[in-house]
Amino acid sequence: MSSLSPVLSHHDRKLQQLYRLIGVPLIHAAALLAFVPYFFTWTGVASAVLGYLLIALLGINIGYHRLLAHRSIGCPKGVERALALLGVLNVQFGPAYWVAIHRRHHQLADAAGDPHTPRNGFWRSHLFFLFPVDDDTDPVRLTTHYAKDLLADPFYAWFEKRERWFLSTILVWPLYFLAGYAIAAIAGDPDPVRMGWSVLVWGVFVRLVVVWHITFAVNSVTHIWGVRSYRTADDSRNNLLVAVLAWGEGWHNNHHAFPRSARHGHAWWQVDATWLVIRLLAAMKIVTINNAGPSAAARRRRHLSRPRRTRR
Ligand SMILES: [Zn+2]
Ligand SMILES: [Zn+2]
């Protein structure tokens, strides 16, 4: 057991539950403000799109998933932590707990103990695996078992204690308001306060809810609908729509077949925006690619002779 476990006491389990029960509905409600005309500005919409591209792709897909969970790429510690910080801004838990849930999902995919398999119901896999916190999703149990490597780093351990990842995210939110206010003030907009609110509502709450449901669709949709190209012990599927929306993460059957590969799109037409960004970062010598994908022979060995489209 990690030395962190006494700190992540039973108290934290209750605290985590409380944050989820309050935070998830509240952030959804705040996103609904997008339908109030007062909060609409194109700058606000642009801040949401920019966050969806940069914060989600760099933070979750590259930082949390392909780097920290699978180590399919490598980079200097400073870059790794910067990517992890972007990950934190997506309010999908701290790096160690996210990684732990994900590694457990790969280990037990669609079997007993998988934290989010649709075999227990679509909505349970999509959203309701968040509550209640049970033995399959307990932060102490999972992080100490599946994310020891991250907990050994004080930087990642810090975020896990007393839900600091969540509190530090909230502290960033006023900056969105200030950024919107400053942009409007510089542009000579007569109502900079409105612009501040607009960037906060769109850049934080709308972006969060959109990114959440796209990430959750990788857990739910791509284990139900799509094409199975490879033989795996789970129900994972390649889903074009989720792949496009989640910047390549929807080639989920490819990913379960070859989890250490930094590249999720295998066929030339399987667009994997995250992989393209990884290649760009590698060309700029910011990251190194540990695993660029399976060989043609390895793919052939696992490939199903007739890809199956049917629902499980
Ligand atoms: Zn999966
Ligand atoms: Zn994965």
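In this text, residue positions in the sequence shown follow our numbering: the first is 1397, and each later residue adds one.
Quick reminder that beta carbons are idealized off the backbone N, C-alpha and C, glycines included.
Quantities reported herein were computed from a predicted structural model and do not represent experimental measurements.
Cβ contact (3+ pairs, closer than 8 angstroms) linking the stretch 1453 to 1461 and the stretch 1581 to 1600 = no
query = Within 7 angstroms: the Cβ of Ser1657 and any heavy atom of ligand 1?
reply = Here residue 1657 refers to the residue found at position 261 when the sequence shown is read from its first residue. No, Cβ of Ser1657 sits at least 7 angstroms from all heavy atoms of ligand 1.
ask   = Using the beta-carbon count (16 or more within 10 Å), is Val1614 buried or exposed?
value = By one-based count along the sequence shown, residue 1614 stands at place 218. Classification of Val1614: buried, given that the 10 Å Cβ count is 16 or more.
inquiry  = Among the candidates Asn1687, Tyr1434, Pro1588, Glu1559, whose CA atom is the shortest distance from the CA of Ile1674?
reply    = By one-based count along the sequence shown, residue 1674 stands at place 278. The option with the nearest alpha carbon to Ile1674 is Asn1687.
ask   = Heavy atom of ligand 2 less than 7 angstroms from the Cβ of His1541, yes or no?
value = As a first step, residue 1541 is located in the sequence shown; it is residue number 145 there, counting from the start. Answer for His1541: no, Cβ out of range of ligand 2.
inquiry  = So, does the stretch 1622 to 1642 touch the stretch 1651 to 1658, judging by three or more C-beta pairs under 8 angstroms?
reply    = yes
query = How about Ile1620 and Phe1518: do their beta carbons lie closer than 8 angstroms?
reply = By one-based count along the sequence shown, residue 1620 stands at place 224. By one-based count along the sequence shown, residue 1518 stands at place 122. Yes, the pair counts as a contact, with Cβ atoms nearer than the cut-off.
query = Any heavy atom of ligand 2 closer than 7 angstroms to the Cβ of Ala1427?
reply = Looking up residue 1427 in the sequence shown gives position 31. False, no ligand heavy atom lies under 7 angstroms from that Cβ.
task = Select from Ala1658, Leu1604, Thr1611 the residue whose C-alpha is nearest the C-alpha of Gly1419.
result = Here residue 1419 refers to the residue found at position 23 when the sequence shown is read from its first residue. Closest option to Gly1419, Cα to Cα, is Leu1604.
task = Answer yes or no: do Pro1588 and Ala1580 have a C-beta to C-beta separation smaller than 8 angstroms?
result = Here residue 1588 refers to the residue found at position 192 when the sequence shown is read from its first residue. Here residue 1580 refers to the residue found at position 184 when the sequence shown is read from its first residue. Yes, Cβ-Cβ distance for Pro1588 and Ala1580 is below 8 angstroms.
ask   = Which one or two residues does DSSP pair with Gly1470 in a beta bridge?
value = As a position in the sequence shown, residue 1470 is number 74, starting the count at 1. Answer is Thr1684.
query = Is it a yes or a no for the stretch 1502 to 1516 touching the stretch 1556 to 1566, going by three-plus beta-carbon pairs under 8 angstroms?
reply = no
ask   = What do you get for Pro1433, buried or exposed, if any count of 16 or more other CB atoms within 10 angstroms of its CB means buried?
value = Within the sequence shown, the letter at position 37 stands for residue 1433. Exposed: under 16 other Cβ atoms inside 10 Å.
message = Quick check: what's the CA-CA separation for Met1397 versus Leu1546?
response = Reading the sequence shown from its first residue, position 1 is the one you call residue 1397. Reading the sequence shown from its first residue, position 150 is the one you call residue 1546. Residue placement at Met1397 is flagged as unreliable, the pLDDT there being 42, under the threshold of 50; the coordinate-derived value follows with that caveat. Computed Cα separation, rounded: 13 angstroms.
ask   = Could you name the residues, in chain order, whose CB is less than 6 angstroms away from a heavy atom belonging to ligand 1?
value = His1501, Ala1505, His1619, Ser1632, His1648, His1652
query = Which two residues bound the contiguous alpha helix (DSSP H) that contains Tyr1626?
reply = Walking along the sequence shown from the start, residue 1626 turns up at place 230. Taken as a continuous stretch (DSSP letters only), Tyr1626 belongs to no alpha helix (DSSP H), being part of the beta strand (DSSP E) at 1624 to 1626.
message = If the criterion is Cβ atoms closer than 8 angstroms, does the pair Ile1682 and Val1475 meet it?
response = For the purposes of this step, residue 1682 is taken as the residue at position 286 of the sequence shown. For the purposes of this step, residue 1475 is taken as the residue at position 79 of the sequence shown. Yes. Within cutoff.
Whole-Å CB distance - Val1487 paired with Leu1464, under 8 angstroms assumed = Counted from its first residue, the sequence shown places residue 1487 at position 91. Counted from its first residue, the sequence shown places residue 1464 at position 68. Val1487 to Leu1464, Cβ: 17 angstroms. No contact.
inquiry  = In this structure, how does DSSP classify Lys1414 when only helix, strand and coil are distinguished?
reply    = Walking along the sequence shown from the start, residue 1414 turns up at place 18. The question names Lys, but residue 1414 is Leu in the sequence shown. Helix, per DSSP.
key: Buried or exposed by the 16-neighbour rule on C-beta atoms within 10 Å, applied to Ser1468   = Taking the sequence shown and counting its residues from 1, one reaches residue 1468 at position 72. So Ser1468 ends up on the buried side.
query = What did DSSP end up calling Asn1486 once you bin it into helix, strand or coil?
reply = As a first step, residue 1486 must be located in the sequence shown, where it is residue number 90. If DSSP states are grouped into helix, strand and coil, Asn1486 belongs with coil.
ask   = What residue from Asp1585, Phe1489, Leu1504, Ala1480 has the CA that sits closest to Phe1551's CA?
value = Position 155 of the sequence shown, counted from the start, is the residue given in the question as residue 1551. Minimum Cα distance to Phe1551 is reached at Ala1480.
query = How many angstroms separate the CA atom of Ala1425 from the CA atom of Gly1622?
reply = Reading the sequence shown from its first residue, position 29 is the one you call residue 1425. Reading the sequence shown from its first residue, position 226 is the one you call residue 1622. Cα to Cα, the separation comes out at about 31 angstroms.
key: With 16 other Cβ atoms within 10 Å as the buried cut-off, status of Pro1586   = Taking the sequence shown and counting its residues from 1, the one referred to as residue 1586 is at position 190. Exposed, since its Cβ has fewer than 16 Cβ neighbours within 10 Å.
key: For His1522 and His1609, the rounded distance between their alpha carbons   = Reading the sequence shown from its first residue, position 213 is the one you call residue 1609. Reading the sequence shown from its first residue, position 126 is the one you call residue 1522. For His1609 and His1522, the distance between alpha carbons rounds to 8 angstroms.
task = Return the residue from the list Asn1649, Ala1658, Pro1472 that minimises the CA-CA distance to Arg1698.
result = Position 302 of the sequence shown, counted from the first residue, corresponds to residue 1698. Comparing Cα positions, the closest option is Asn1649.
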